[in-house]
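In our numbering, the protein residues as written are 8 to 399.
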């Protein structure tokens, strides 16, 4: 048995490693952390909306985490909610197009208002009222708070408590450091203002869906969701009973290959199968080595066919037949000393005993030198003569 070469062993090792990685990926499946409030939970440091997602699941809602928005075209939109952790306008052009198409199909988008509503950005048409987050809108508002005592102010982050009525059965006290600045107004714009008249939430329709913009980017993060009013705000934003809530904790570009796979999965599957078949064809065969077939018989027959046809076209093969008859007679006289004294029947019987595979009729026709009507008959005659010559 021939041992595989070094290159073949490397090819086998590479295929085995790829197969093992695919098996591990399929066997493990998607990782889901169950320890929500454990400080050692690493997903609290990675996923900004981790506790918000678990809170929605506690309320009986179905959730799904998204790493990027390039697959929105394959997700249902009607009666679904999408919550973004990044401000609106931070998305790429491809992601913005996916959001537009998803909203046109009836989705509900919840995002943070951009810090600067620039016209001409990829997502500028998603913000037709040019709404942006305003850090100066809350300056001095705490002095006019219509409550008996002023709302607290964080000495570290300069965040203030703002009363937001109308979102729940009682006004919500939310930590915030920004409000909303509205550049354009319209009848389709619905604003939720604080008790001081500062807009904090904006709602407007977009196609068959709608968009909700929030003033503060930290309202739904893990540090704020441990407070009851922020948890109530999340349920008020996800109003009704949506069939599913999508949350984008962070943005990982999906890449061109992932997008191409979603466009034509059947084509890529066929290409992968062809590649696997090509690799399989290059793998070494570990069975016994088969000997090369003996081509001498076919080579002799091909030579005879060519010689017979050439002689037939020139002189009806008289020269070839005469030469073969002379060769056959010489070998027969050497094998049988009384060859000249035998008649045709006796000669045919002796030759038939030497070549049992030949019939006596064919040998008798050869010895009688019957006329040859065509080249095929000449080929048959030459073949019989060659077998008899080799037998003698």
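We put the CB at the ideal spot given by N, CA and C, even for glycine. Model, not experiment: these values are computed from the prediction.
Residue environment, residue i, which counts as buried when at least 16 other CB atoms sit within 10 Å
i, result
"residue 288", "exposed"
"residue 326", "exposed"
"residue 203", "buried"
"residue 232", "buried"
"residue 177", "exposed"
"residue 280", "exposed"
"residue 285", "exposed"
"residue 440", "Since the displayed the chain opens at 8 and closes at 399, residue 440 lies outside it and no answer follows."
"residue 98", "buried"
"residue 213", "buried"
"residue 319", "buried"
"residue 366", "exposed"
"residue 96", "buried"
"residue 64", "exposed"
"residue 134", "buried"
"residue 115", "buried"
"residue 29", "exposed"
"residue 183", "buried"
"residue 24", "exposed"
"residue 236", "buried"
"residue 81", "exposed"
"residue 20", "exposed"
"residue 26", "exposed"
"residue 306", "exposed"
"residue 333", "exposed"
Proximal residues to residue i (C-beta, below 6 Å), its chain only, five neighbours per side dropped
i, result
"residue 109", "79, 84"
"residue 58", "229, 232"
"residue 328", "none"
"residue 253", "71, 73, 89"
"residue 324", "318, 385"
"residue 117", "90, 219, 244"
"residue 217", "115"
Residues near residue i by beta carbon distance below 8 Å, same chain, minus five either side
i, result
"residue 190", "124, 136, 137, 138, 139"
"residue 375", "351"
"residue 359", "365, 366, 367, 370"
"residue 195", "211, 212"
"residue 341", "399"
"residue 18", "286, 289, 290"
Helix, strand or coil at residue i [DSSP, three-state]
i, result
"residue 339", "helix"
"residue 319", "helix"
"residue 90", "strand"
"residue 183", "strand"
"residue 176", "coil"
"residue 252", "strand"
"residue 190", "coil"
"residue 212", "strand"
"residue 324", "coil"
"residue 41", "Any reading at residue 41 needs caution, since the residue's pLDDT is 42, under 50, leaving its predicted position unreliable; the model's value is listed next. Coil at residue 41, not helix or strand."
"residue 169", "strand"
"residue 143", "coil"
"residue 197", "strand"
"residue 17", "helix"
"residue 85", "coil"
"residue 312", "helix"
"residue 227", "coil"
"residue 290", "coil"
"residue 399", "coil"
N-terminal and C-terminal residue of the beta strand (DSSP E) that residue i is part of
i, result
"residue 72", "70-73"
"residue 219", "216-221"
"residue 64", "From DSSP, residue 64 is part of no beta strand (DSSP E) but of the alpha helix (DSSP H) over 57-65."
"residue 117", "115-119"
Contact set for residue i: own chain, Cβ-Cβ below 7 Å, skip 5 residues either direction
i, result
"residue 171", "178, 179, 181, 199, 201, 207"
"residue 175", "239, 243"
"residue 186", "141, 144, 145, 205, 206, 207, 222"
"residue 62", "232, 238, 241"
"residue 43", "At residue 43 the pLDDT is 44, less than 50, meaning the model places this residue with poor confidence; the figure from the coordinates comes in the next sentence. Closer than 7 Å at Cβ, skipping near neighbours: 58, 61."
"residue 173", "199"
"residue 339", "346, 399"
"residue 274", "none"
"residue 153", "Note that residue 153 has pLDDT 46, beneath the 50 cutoff, so the model's placement of it is unreliable and the number below is only indicative. Answer for residue 153: 202, listed in chain order."
"residue 362", "394, 395, 398"
"residue 401", "Here the chain covers residues 8 to 399 and nothing more, so residue 401 does not appear."
Delimiting residues of the alpha helix (DSSP H) encompassing residue i
i, result
"residue 201", "It is not in any alpha helix (DSSP H) - residue 201 carries neither H nor E in the DSSP assignment."
"residue 271", "No alpha helix (DSSP H) contains residue 271, which DSSP labels as neither H nor E."
"residue 370", "367-375"
"residue 106", "100-111"
"residue 353", "351-361"
"residue 236", "235-244"
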